[in-house]
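*Asks:*
In the working numbering, the protein residues as written are 1 to 292.
(1) Buried or exposed for residue 278, please, with buried defined as at least 16 other CB atoms from any protein chain shown within 10 angstroms of its CB.
(2) Would DSSP call residue 144 helix, strand or coil?
(3) Report the rounded CA-to-CA distance for residue 81 versus residue 66, giving the unit in angstroms.
(4) Can you tell me whether residue 283 is buried or exposed? The criterion is at least 16 other CB atoms within 10 Å of its CB, across all chains shown.
(5) From what residue to what residue does the alpha helix (DSSP H) around residue 117 run?
(6) Would residue 84 and residue 181 be called neighbours here (beta carbons separated by less than 8 angstroms)?
(7) Comparing C-alpha positions only, which one of 165, 58, 166, 205 sits nearest to residue 269?
(8) Using C-beta distances below 6 angstroms, list every residue in its chain close to residue 161, excluding the 5 sequence neighbours before and after it, in chain order.
(9) Once DSSP output is grouped into helix, strand and coil, what is the label at residue 112?
(10) By how many angstroms is the C-alpha of residue 58 removed from the C-alpha of residue 20?
(11) Along the beta strand (DSSP E) that carries residue 135, what are the first and last residues, could you check?
(12) Return the CA-CA distance between residue 267 and residue 194, expressed in angstroms with no decimal places.
(13) Kindly confirm or deny that the region 185-193 and the region 215-226 touch, where touching means at least three C-beta pairs closer than 8 angstroms.
(14) Considering only C-alpha positions, which residue in the set 76, 94, 119 is nearest to residue 109?
(15) Taking only three categories from DSSP, how would you classify residue 36?
(16) Apply the 10 Å Cβ neighbour rule to residue 289 and answer buried if 16 or more other Cβ atoms are within range, or exposed otherwise.
(17) Take residue 141 as the anchor and find which of 152, 256, 103, 257 has the nearest alpha-carbon.
(18) Indicate the three-state DSSP secondary structure (helix, strand or coil) for residue 181 in the structure shown.
(19) Can you tell me whether residue 289 is helix, strand or coil according to DSSP?
(20) Are residue 136 and residue 146 close, meaning C-beta to C-beta below 8 angstroms?
(21) Here's a check: name, in chain order, each residue in its chain whose Cβ is nearer than 7 angstroms to the Cβ of residue 151, leaving out the five neighbours to either side.
(22) Can residue 149 and residue 86 be called in contact, C-beta distance under 8 angstroms?
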């Protein structure tokens, strides 16, 4: 009995694997050998094969055929480009998904016209490298290409995945990130301007408070000095003792002291806001502090 398993040593080996499983499962007692890259010959260990054994063998071979067909369709159904070259870099096989890839890399017939891709493949074969991965851009497409060199069988497989969508998404994300960075930079500059203005306002306020306090302190000191002189003078004049002028002078002195205390508080707040007073907090017993 002859069975055509398919094209190529991989398919034939897979066929033999399936047949071995079927032989064991159905207890067929068959042997087979491989011929002309795809022809499997079945032979019995005995001289004749009973009809029921032949029928079981036929069913086993049908199952093997279905499994081999499904395996052989895998490259055809793969959405990525799959190509096989011999050691002279002539194209041996390509799946339907490789059409756009071949156009982008100028592969005409069985020959590669793309110098960069051809140089990469030569380097893999000459360097006896099993695997290599690289990225390429051709026209508007981006590719991730895996090279698989099978030295014992003298061929080089190429698996190319079109990653254009992912590259475009990455570029879009990078553009959005750059826009966000520009926006953040504008915000940072605005904050720096606002901080500079606030610093200038605080400096102006501090100078104003200091100047105003000084301008107020001088006349207040003068008023207090003259009030004290008038009080001394009136004390030496018995006719004014207990009279309203002495009481008014006391009020003037008290208000001068109150305004002086207020100006001191304002100056203290100004120094605190400008950071000229160090802040050294110390743990304190609040109850003892209040009692004191």
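C-beta atoms are modelled at their ideal positions from N, C-alpha and C, and glycine is treated no differently.
*Replies:* So, to answer that:
(1) Here residue 278 is exposed, its C-beta having fewer than 16 other C-beta atoms within 10 Å.
(2) Assignment of residue 144 by DSSP, reduced to helix, strand and coil, places it in the strand class.
(3) Approximately 25 angstroms between the Cα atoms of the pair.
(4) The residue is exposed, with fewer than 16 neighbouring Cβ atoms inside 10 Å.
(5) Following the DSSP letters along the chain, one finds residue 117 inside the alpha helix (DSSP H) bounded by residues 115-126.
(6) No, these two residues do not count as a Cβ contact at 8 angstroms.
(7) Residue 205 is the option with its Cα nearest to residue 269.
(8) 80, 144, listed in sequence order.
(9) If DSSP states are grouped into helix, strand and coil, residue 112 belongs with the strands.
(10) A direct Cα-to-Cα measurement between residue 20 and residue 58 gives close to 14 angstroms.
(11) In this chain, the beta strand (DSSP E) harbouring residue 135 covers 131-138.
(12) If you take the alpha carbons of residue 267 and residue 194, they lie about 25 angstroms apart.
(13) The region 215-226 and the region 185-193 do not touch, with fewer than three beta-carbon pairs separated by less than 8 angstroms.
(14) That would be 94, whose Cα lies nearest to the Cα of residue 109.
(15) Because the pLDDT at residue 36 is just 43, under 50, the model does not fix this residue reliably, and the point stays unresolved.
(16) Exposed, since its Cβ has fewer than 16 Cβ neighbours within 10 Å.
(17) Residue 141 has its Cα closest to that of 103, out of 152, 256, 103, 257.
(18) Residue 181 falls in the helix class under three-state DSSP.
(19) Helix.
(20) Going by C-beta atoms, residue 136 is not nearer than 8 angstroms to residue 146.
(21) Result list for residue 151: 128, in chain order.
(22) No.
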